[in-house]
Amino acid sequence: MCIRDSANHIPDPFDHQVVEAYWLGNHLLDNISPKTLYRHTTDLLQITKKMDPRSMDMIKTKIAAGGLMHHSFHVLNLWDHKKFFNKENNLSELDKRRISAGRVTKVDGPYITLKRKPLTIDQQNKLSLGSPLSTKILRRLEGSSLLDNVQVGNFVSLHWDSPCEIITAQQYKNLNYYTSLSIKLANLSPAPVYA
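Straight run, no breaks: the sequence shown in our numbering ends on number 1441.
#1: Given 8 Å as the limit, is there contact between the region 1295-1305 and the region 1274-1282, that is, 3 or more CB pairs closer than that?
#2: With a cut-off of 8 Å, do at least 3 Cβ pairs link the region 1414-1425 to the region 1292-1301?
#3: Just to confirm, are residue 1323 and residue 1431 a CB contact at a threshold of 7 Å?
#4: According to the neighbour-count rule (16 or more other Cβ atoms, all chains shown, within 10 Å of its Cβ), is residue 1273 buried or exposed?
#5: Report the rounded CA-to-CA distance for residue 1337 versus residue 1376, giving the unit in angstroms.
#6: Are the beta-carbon atoms of residue 1345 and residue 1428 separated by less than 7 Å?
#7: Which residues does DSSP list as the beta-bridge partners of residue 1405?
#8: How far does the beta strand (DSSP E) with residue 1350 in it reach, from first residue to last?
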């Protein structure tokens, strides 16, 4: 993963800061050059085999416009959404693919309710983060969990409708910042039909 490349001088791919940078976002992302991200995208992910030249030009444009090695950039900008979306898949599925987070408003046994900003689509078919909505999720199925000590007011990250971990207010702010940047870049493309 290029987050740990020579720009950041971190040899361990599982270093806490490296993992946090990709999933939530942090200062390490600023050290990854557009050239390194493009090389990662073309060489390691071999995306050129999956996309036509016009789509690759758009990815190059998005990387030059500020694309970063963040999960939301991959989800919102590298997927071929026209192939992904069909009658069974919609904006809700895309929303589940990204890492999101919300503030816990209720803890009820194995369930927690949190307020989180979902992906929305406007009249011009552009993505954005919507107003916070209540989301009730199961925090564990059995045994111990990273969320055993969750409390009202905590921020919790979420992926595929499953809670991941309690995060800090700064991590929540970072996640929203990097997600918003990826949404802005996604909106540079001719928009696919999400809903």
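For glycine and all other residues, C-beta sits at the position ideal for the given N, C-alpha and C.
In short, the structure shows the following:
#1: no
#2: no
#3: It is a contact, given that the beta carbons lie within the stated cut-off.
#4: exposed
#5: 12 Å
#6: Against a cut-off of 7 Å, the Cβ pair of residue 1428 and residue 1345 comes out as no contact.
#7: Beta bridge pairing from DSSP links residue 1405 with 1408.
#8: 1346-1354
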